[in-house]
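Asker: Chains as they are written, first to last, in this note's numbering: chain H, 1 to 261; chain R, 1001 to 1359. Don't be surprised by glycine CBs; every beta carbon is placed ideally from N, CA and C. A quick note: this is a predicted structure, and the numbers were derived from the prediction, not measured.
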């Protein structure tokens, strides 16, 4: 009896969490032109319209370029910062570490306004580069956290062995350290990409006029009407942001298995 | 010709001095062990030779070349670590071939040398496996193969046997010595294990608190300790206060509390200069227990009582009391050990004793 109740309750919790998502996915295949129940038939017409909507396609391209650049820059900076903090004795490394992680702790709105005011103070206009800069700031902590954790577990003597055998420090990094921490680097990059791709708060503050990312585009479209296209777009977003990390995790596991790490 | 020369090496970490002015000369092809308790500076010394640490003062020469400013990857050294430090993402063959890649060895030649190295460590068939598929002992053999395949000027071994099980450790000890003799590479071995040091070394460097206490072949270091620290660190010793009262031919005469006058061979009291206070060193295994009343034959004999019996299988360690002095004796077991409380006669040949100055 007791277990039965707990099971039922658990089921309700999951329904509460995932039903809205399921509804969006379901309605994106609705033939009716009203994005709501009852469904009148199965159709992919909203996906087709989505693919022909120039504004959305442009937003998609912007989001992907922004996400990829954010991931690339964050990962590079994150790996370098982690190396410095874990492998070398940097003065004030605790403080630096805390400052690098801080953007996670500060509410995003505050961070967004602060950066905007700062740019104003410097009389710099908003631009795509600055939007990118903002995304790097708040994706960097995730990369640093993941990569640092991995780097700590890579024994220093493995690198010393490589050095003693004649590999220069740079060769040692590319032959030994980087391959061993590759799963963490990929995971960090994926985090950075999906966070950037999903972000709306910071993006709304930082984006220059005329530039829309997918979330800001949806937001703009919602202000006019609830179009079934948005459901279709939502479905695509869900597939991307859930599917990519899953794919990444699978690749990382495969790599880890091969390397015996 | 000497292979490695350290001249007045000092290593300070901020206020802490890990190695005090140390000089050392390691001949070509020798197996030299740095022996001492943890924190004695042996690993720091090894890491300075390797180039993983910079000496604060002094010079390091390898094959006559000053290497203070030569980075580790240009020193041509073989380095073996306690925890093997194999590259987990590379196969055994790739691990062993790693150093050859940076020496411009042609692929075909490299494959042959890897095979020879694997044969030498008696693991010929494991080239395609990954490190984690091998046991600890096998991994350490691979680490050794990886270090010697590059024909290093010096082989540096940092406690390479400490992570292995006791039985395996003794096998590996013999194996390691065999390989070292076979290829004749100059070797510096760091350990805190006196039996490894005694069994393997041509020369032992005993270190304590960042200073060299004694340098010499195993027998000399064991039988003629140069300091109380060495006498206590290698084996078990009884160190008794005594007085140096003169000499008699090739012997130095010492008056000790319980034993009376003992004639220690001069060769075993090299640091005893003038008459006066001194210390008598008696190895625990040189003190033999006999049943009371057994005839004496040229030895010193004193009466004692057995206080504690520490049974060790083939040997037994006794703590005995003679007058006010407690002594330690390690004897092989003939039939059965003496029991606690037994009255025994302690036997000692004066020529087995050594003497030290009273610090």
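So what does residue 227/H bridge to, in DSSP terms?
Answerer: In the DSSP output, where bridge partners are listed per residue, residue 227/H has none listed.
Asker: Given a limit of 7 Å on CB to CB distance, which residues of the region 1082–1102 of chain R reach chain H?
Answerer: For the region 1082–1102 of chain R, which is checked against every Cβ of chain H, the residues closer than 7 Å are 1083, 1085, 1087, 1088, 1089, 1098, 1099, 1102.
Asker: Do the region 113–125 of chain H and the region 1048–1066 of chain R touch if we need at least three Cβ pairs shorter than 8 Å?
Answerer: No, the region 113–125 of chain H does not touch the region 1048–1066 of chain R.
Asker: Give, in chain order, every unbroken run of the beta strand (DSSP E) that is at least 3 residues long and sits entirely within the region 1156–1233 of chain R.
Answerer: Qualifying beta strand (DSSP E) stretches, in chain order: 1186–1191, 1203–1208, 1211–1216.
Asker: Out of 227/H, 214/H, 7/H, 248/H, which has the shortest C-alpha to C-alpha gap to residue 236/H?
Answerer: Of 227/H, 214/H, 7/H, 248/H, the residue nearest in Cα terms is 214/H.
Asker: Drop a sphere of 10 angstroms on the beta-carbon of residue 1107/R, count the other beta-carbons inside from all chains shown, and report buried for 16 or more, exposed for fewer.
Answerer: Exposed, because fewer than 16 other Cβ atoms sit within 10 Å of the Cβ of residue 1107/R.
Asker: Since residue 1031/R contacts residue 1189/R with CB under 8 Å, what's their CB separation in whole angstroms?
Answerer: Yes, residue 1031/R and residue 1189/R are in contact; Cβ-Cβ is about 7 Å, under 8 Å.
Asker: Which two residues bound the contiguous alpha helix (DSSP H) that contains residue 2/H?
Answerer: Per DSSP, residue 2/H belongs to the alpha helix (DSSP H) from 2–27.
Asker: Kindly indicate which three-state DSSP category residue 1065/R falls into: helix, strand or coil?
Answerer: In the structure shown, residue 1065/R sits in a strand (DSSP, three-state: E or B).
Asker: Terminal residues of the continuous beta strand (DSSP E) containing residue 1260/R?
Answerer: 1260–1265 is the extent of the beta strand (DSSP E) around residue 1260/R.
Asker: For residue 252/H and chain R, any beta-carbon pair shorter than 8 Å?
Answerer: With 8 Å as the cut-off, residue 252/H does not count as an interface residue toward chain R.
Asker: Using the Cα positions of residue 128/H and residue 207/H, report the straight-line distance between them to the nearest angstrom.
Answerer: Distance between the alpha carbons of residue 128/H and residue 207/H: 7 Å.
Asker: Between which two residues does the beta strand (DSSP E) harbouring residue 1246/R extend?
Answerer: Note, residue 1246/R: beta strand (DSSP E), 1237–1248.
Asker: Roughly how many angstroms separate the alpha carbons of residue 261/H and residue 150/H, rounded to a whole number?
Answerer: Only weak support is given to the placement of residue 261/H: the predicted model assigns it a pLDDT of 45, under 50, and the value that follows is read from those uncertain coordinates. In a straight line, the C-alpha of residue 261/H is about 10 Å away from that of residue 150/H.
Asker: Do residue 1308/R and residue 1340/R come within 8 Å of each other at the CB atom, strictly closer than that value?
Answerer: Result yes, Cβ atoms of residue 1340/R and residue 1308/R sit closer than 8 Å.
Asker: Let me confirm a value: residue 1095/R is counted as buried when at least 16 other C-beta atoms fall within 10 Å, else exposed. Which label applies?
Answerer: Counting Cβ neighbours within 10 Å, residue 1095/R comes out buried, since at least 16 surround it.
Asker: Flag residue 178/H as yes if its beta-carbon sits less than 8 Å from any beta-carbon of chain R, otherwise no.
Answerer: Output row for residue 178/H: interface = no.
Asker: Say whether the region 1070–1081 of chain R touches the region 165–181 of chain H, bearing in mind that this needs 3 or more beta-carbon pairs closer than 8 Å, one atom from each stretch.
Answerer: The answer is yes - the region 165–181 of chain H touches the region 1070–1081 of chain R, with three or more Cβ pairs under 8 Å.
Asker: Using a Cβ-Cβ cut-off of less than 8 Å, list which residues of the region 1178–1205 of chain R approach chain H; keep chain order.
Answerer: Answer set for the region 1178–1205 of chain R: empty.
Asker: Does the pairing of the region 1123–1134 of chain R with the region 176–192 of chain H give three or more beta-carbon distances under 8 Å?
Answerer: Cβ pair count under 8 Å is below three, so no.
Asker: If you draw a straight line from the C-alpha of residue 1119/R to the C-alpha of residue 1272/R, how long is it?
Answerer: Each residue's Cα considered, the two are about 51 Å apart.
Asker: If I follow the unbroken beta strand (DSSP E) through residue 1321/R, where does it start and stop?
Answerer: Looking at the DSSP string, the run of the beta strand (DSSP E) that includes residue 1321/R is 1315–1322.
Asker: Pair every Cβ in the region 1195–1208 of chain R with every Cβ in the region 1240–1255 of chain R, then say whether three or more of these pairs are closer than 8 Å.
Answerer: Flag = no, the region 1195–1208 of chain R and the region 1240–1255 of chain R do not touch.
Asker: Identify every residue that forms a DSSP beta bridge with residue 1326/R.
Answerer: DSSP, once it has assigned bridges, lists 1321/R as partnering residue 1326/R.
Asker: Does the Cβ-Cβ distance between residue 1352/R and residue 1283/R come in under 8 Å?
Answerer: Yes. Within cutoff.
Asker: For residue 1345/R, list the residues DSSP reports as bridge partners.
Answerer: Partner(s): 1290/R, 1303/R.
Asker: Could you tell me whether any Cβ in chain H is nearer than 8 Å to the Cβ of residue 1150/R?
Answerer: Closer than 8 Å to some Cβ of chain H, the Cβ of residue 1150/R qualifies, so yes.
Asker: Hey, out of 1034/R, 1328/R, 1319/R, whose CA is closest to residue 1158/R's CA?
Answerer: Per the Cα distances, 1034/R.
Asker: Helix, strand or coil for residue 1089/R? Go by DSSP, reduced to three states.
Answerer: Coil at residue 1089/R, not helix or strand.
Asker: Can you tell me the Cα-Cα spacing of residue 91/H and residue 84/H, whole angstroms?
Answerer: So the two alpha carbons sit approximately 11 Å from each other.
Asker: Hey, which unbroken runs of the alpha helix (DSSP H) at 4 residues or more fall wholly within the region 1078–1128 of chain R?
Answerer: The region 1078–1128 of chain R contains these whole alpha helix (DSSP H) runs: 1092–1101, 1107–1120.
Asker: Across the region 59–78 of chain H and the region 139–159 of chain H, are there enough close Cβ pairs to call them in contact, namely three or more that are closer than 8 Å?
Answerer: As far as the Cβ criterion goes, the region 59–78 of chain H touches the region 139–159 of chain H, which means the pair count is three or higher.
Asker: Cβ of residue 1050/R less than 8 Å from any chain H Cβ?
Answerer: Yes - at least one Cβ of chain H is within 8 Å of the one on residue 1050/R.
Asker: Helix or strand or just coil, what does DSSP make of residue 1057/R?
Answerer: If DSSP states are grouped into helix, strand and coil, residue 1057/R belongs with the strands.
Asker: Quick test of your reading: residue 1105/R and residue 1113/R, contact by CB under 8 Å. State the CB separation rounded to the nearest angstrom.
Answerer: Right, their Cβ atoms sit about 7 Å apart.
Asker: Any idea if residue 1084/R is buried or exposed, counting beta-carbon neighbours within 10 angstroms, 16 or more meaning buried?
Answerer: Classification for residue 1084/R: buried.
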